[in-house]
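The block underneath contains the structure these notes are about, expressed in structure tokens.
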Amino acid sequence: MTPVNRVLDDQDEPALLRDQFRQLLRYRALLALGVVIGLIGGGYLALSGEDTYTATGEVLVRSAISDPFASGATADKGINIGSERQTAVSDTVGTLAAGTLLKKGDDVAARELLAGLQVTNPPNTLTLRFAYTGATPEQSRARAEALAGAYLAHRKARTEESIKNISDGYRAQLDPLEEKRDLLEKQIGVGAADDVTSARANIIVSISELSRKISELKALDTTPGYLNKKPVAPTSPTGPGLPLLLGLGGVVGLALGLLLSWVRLVFDPAVRSTRELVRSLGAPLLGTLPRERGAAGSVLAIGRSGSRLAEEYRAVAFRLAYDPSFAESRRLLVTSPRGDNEEAAAAAANLAAAFAEMGRDVLLVEADLRTPSLAGALGSAAHEVRPPRWAAEEGDGSWPTGGRSNVDVPGSGAFALIPGTTVDNVPRALTSTPVGRIVAEADRPGSVVIVLAPPVLSYADAVALVDRVEGVMIVCDPRAVHRSDLERIREIIGASGGHVLGALLHPGRRRLTRSERRPKSARRRNGGDGPTPTAEPDAPEITGDPTETLGLRSLTLPAARR
Numbered sequence: 003m004t005p006v007n008r009v010l011d012d013q014d015e016p017a018l019l020r021d022q023f024r025q026l027l028r029y030r031a032l033l034a035l036g037v038v039i040g041l042i043g044g045g046y047l048a049l050s051g052e053d054t055y056t057a058t059g060e061v062l063v064r065s066a067i068s069d070p071f072a073s074g075a076t077a078d079k080g081i082n083i084g085s086e087r088q089t090a091v092s093d094t095v096g097t098l099a100a101g102t103l104l105k106k107g108d109d110v111a112a113r114e115l116l117a118g119l120q121v122t123n124p125p126n127t128l129t130l131r132f133a134y135t136g137a138t139p140e141q142s143r144a145r146a147e148a149l150a151g152a153y154l155a156h157r158k159a160r161t162e163e164s165i166k167n168i169s170d171g172y173r174a175q176l177d178p179l180e181e182k183r184d185l186l187e188k189q190i191g192v193g194a195a196d197d198v199t200s201a202r203a204n205i206i207v208s209i210s211e212l213s214r215k216i217s218e219l220k221a222l223d224t225t226p227g228y229l230n231k232k233p234v235a236p237t238s239p240t241g242p243g244l245p246l247l248l249g250l251g252g253v254v255g256l257a258l259g260l261l262l263s264w265v266r267l268v269f270d271p272a273v274r275s276t277r278e279l280v281r282s283l284g285a286p287l288l289g290t291l292p293r294e295r296g297a298a299g300s301v302l303a304i305g306r307s308g309s310r311l312a313e314e315y316r317a318v319a320f321r322l323a324y325d326p327s328f329a330e331s332r333r334l335l336v337t338s339p340r341g342d343n344e345e346a347a348a349a350a351a352n353l354a355a356a357f358a359e360m361g362r363d364v365l366l367v368e369a370d371l372r373t374p375s376l377a378g379a380l381g382s383a384a385h386e387v388r389p390p391r392w393a394a395e396e397g398d399g400s401w402p403t404g405g406r407s408n409v410d411v412p413g414s415g416a417f418a419l420i421p422g423t424t425v426d427n428v429p430r431a432l433t434s435t436p437v438g439r440i441v442a443e444a445d446r447p448g449s450v451v452i453v454l455a456p457p458v459l460s461y462a463d464a465v466a467l468v469d470r471v472e473g474v475m476i477v478c479d480p481r482a483v484h485r486s487d488l489e490r491i492r493e494i495i496g497a498s499g500g501h502v503l504g505a506l507l508h509p510g511r512r513r514l515t516r517s518e519r520r521p522k523s524a525r526r527r528n529g530g531d532g533p534t535p536t537a538e539p540d541a542p543e544i545t546g547d548p549t550e551t552l553g554l555r556s557l558t559l560p561a562a563r564r
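Encoded structure:
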């Protein structure tokens, strides 16, 4: 059964969010910088700011009422608590409070006094809460109490003034009626008619009504409210404090770090995720090579027991063996985008060993004629053998008919190697007839030809071989390759008549540890006969993406397709 390489849907929002969060975590230095800046800012605000103190008092507002104990009497009659709150912060109240404080030796302007006042109203209550923030506890208490008292005094004066105005209005109506009543009484004394007596009685009724209203107004309880909670001097400064400010600074700093990471991610030309690599290259991800500490200086991982790198190469070889495009031609061109070709050479050699382990007749051709190094890297594993008869007859002793080596892989078999050599005219050598004869050896049943080419974006050598080796595998470091490079590789190979089979990611060069940087003499002094450190490869990240490499399975390879 042919495996299907399915690319994740771009509308898979949970996967996209996880992918973006993973990408942001790549810039840990920016995240740490944001957190440090936030902590420094929080600590600066906590230590450099002046201490302030807040005193609070509560006033219960009530309206004027004649009998507060009568049934149906309510203290909230005619009270608009929103208007009362605006009155409490008015300039009139501030002026009265400033005058009271001046008598106690606190000379403060009304505007400055009101700047530290905050009046709030708890829901569903007739209570006004006066909160004043000052420089000292005693100052906060005194000013909060003065402002609450000034509000009550202002409200009481306003109520009494309203009562006086209404009483004066009633008195203005009452005086003419009393004069008219006196005039009618004089007429009755002379012997007036009955209609005069009736008019006098009506005037007396009106006078009595007005007198009753004036008496009720004078009997009203004009208490404006009560100071339910008297302000007291606070014992601790107002504010979040150092621990809370540090916590808030850390949270804000983390948000700043995420913002910086996002900006860096937007302008980062490198490949940011596996999905983006697959989309830019137009081919699946064949595998991700782990890093092995014990693999330094050794090209072939196939043949080392317990090597995770070898298992990954085997998995890639199995996947290529079941790829329809590769199974039809059994030719593979291995190259890299830019830079040196060291990782691509190691991948080509290990894939050749993996196919030899499957029982295939493998030929590895080093077509890097500018900096050939594969034969020297293989070392004693490669030994020269006699070239084929046609090469001895038709060749002139130059590349690729000049020599051929056999590479032994411990416990896995062997494969043939045509090492690269420096030539005068590289393009002519790559397009010569012997190269076509060598690549055509893949047409034999059970044969595989792997060609190692220089970086495709540095030289045109790989493009010159695409018409003969259609399947191309790109070996690259995901942290170093750019999206534009992958798109250009896809266009170049497609225009040359080939197609990209997939990408193989390697972890790049790691930094040496402290023990590895020590000179050999120091290691000998410390006991160079000690146990060799075991390999601790870094496991590739498993994200659940179906474009990741398939696991190694024990299976029977199908017959080679013609």
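According to my numbering, the stretch in the sequence shown is residues 3 to 564, in order.
The beta carbon of each residue, even a glycine, is placed where N, CA and C say it ideally should be.
Hey, would you say N352 sits closer than 9 Å to Y315, going by beta carbons? yes
Distance, Cα to Cα, G378 vs Y29? 39 Å
Please state whether DSSP places G496 in a helix, a strand or coil. helix
Quick check on DSSP: helix, strand or coil for K231? strand
Under 8 Å by Cβ, that's how I've got A235 and E147 pegged, so tell me the actual separation to the nearest angstrom. Incorrect: roughly 10 Å between the Cβ atoms, too far for contact.
Taking G101 as part of the alpha helix (DSSP H), name the residues at either end of that continuous run. D93 to K105
Please go through the same chain and pick out, in chain order, the residues whose beta-carbon is closer than 8 Å to the beta-carbon of A383, but skip the five residues on each side of it. L302, V409, D410 and V411
Can you give me the C-alpha to C-alpha distance between A99 and P245, rounded to a whole angstrom? 37 Å
How is H156 classed by DSSP in three states: helix, strand or coil? helix
Bridge partners of T2, per DSSP? Past the boundaries of the shown model lies residue 2; the chain is included only from 3 to 564, so the question cannot be answered.
Please tell me whether L229 and V61 are closer than 9 Å, where the distance is taken between their beta carbons. yes
Taking only the alpha-carbon atoms, compute the straight-line gap between G529 and A418 and give it to the nearest angstrom. Confidence in G529 is poor, its pLDDT being 42 and thus under 50, which makes the residue's placement too unreliable to answer from.
Nearest neighbour of G415, chosen from V364, T373 and I42 [CA to CA]: V364
Can you confirm whether the region 248-262 touches the region 23-40 when touching is taken to mean that 3 or more C-beta pairs between the two stretches lie within less than 8 Å? yes
Counting only the same chain and skipping the five closest in sequence on each side, list residues whose C-beta sits under 7 Å from that of E518. Any reading at E518 is ruled out, since the residue's pLDDT is 44, under 50, leaving its predicted position unreliable.
Return the bridge partner residues of F223 from the DSSP annotation. The question names Phe, but residue 223 is Asp in the sequence shown. Answer is I67.
Presumed contact (8 Å Cβ cut-off) between G289 and V318, rounded CB distance: 4 Å
Just checking, does the region 463-473 make contact with the region 483-503 on the three C-beta pairs under 8 Å criterion? yes
Report back the beta-carbon spacing between G473 and S331 to the nearest angstrom; my notes put them in contact at under 8 Å. 6 Å
Exposed or buried, what is D21 when buried is set at 16 or more other beta-carbons lying within 10 Å of its beta-carbon? buried
Along the alpha helix (DSSP H) that carries N352, what are the first and last residues, could you check? E344 to E359
Answer yes if the region 199-207 comes into contact with the region 42-54, meaning at least three C-beta pairs across the two stretches below 8 Å, and no otherwise. no
L467: first and last residue of the uninterrupted alpha helix (DSSP H) it sits in: D463 to V468
When DSSP builds the beta bridges, which residues end up paired with A133? T58 and Q120
Around the Cβ of V63, are there at least 16 other Cβ atoms within 10 angstroms (buried) or fewer (exposed)? buried
For I491 and chain B, any beta-carbon pair shorter than 9 Å? The structure shown has no chain B; it contains just one protein chain.
Flag this pair as touching only if the region 84-103 and the region 149-166 have three or more C-beta atom pairs under 8 Å; answer yes or no. yes
Helix, strand or coil for G473, going by three-state DSSP, please let me know. strand
Would you mind giving the Cβ-Cβ distance between H508 and L291, rounded to the nearest angstrom? I have them listed as a contact below 8 Å. 5 Å
Could you round the C-beta distance between V1 and L371 to whole angstroms and report it? I think they count as a contact, below 8 Å. No information on residue 1 is available, as it lies outside the stretch 3 to 564 that the chain covers here.
Hey, P239 and D53: beta-carbon distance below 9 Å or not? yes
Cα-Cα separation, S164 to V253: 56 Å
Beta-carbon separation of Y134 and P226 under 9 Å? no
What did DSSP end up calling V207 once you bin it into helix, strand or coil? helix
Just curious, the alpha helix (DSSP H) that S449 is in, first and last residue? Careful: S449 lies outside any alpha helix (DSSP H), inside the beta strand (DSSP E) at S449 to L454.
Do V483 and V336 have their C-beta atoms closer together than 9 Å? no
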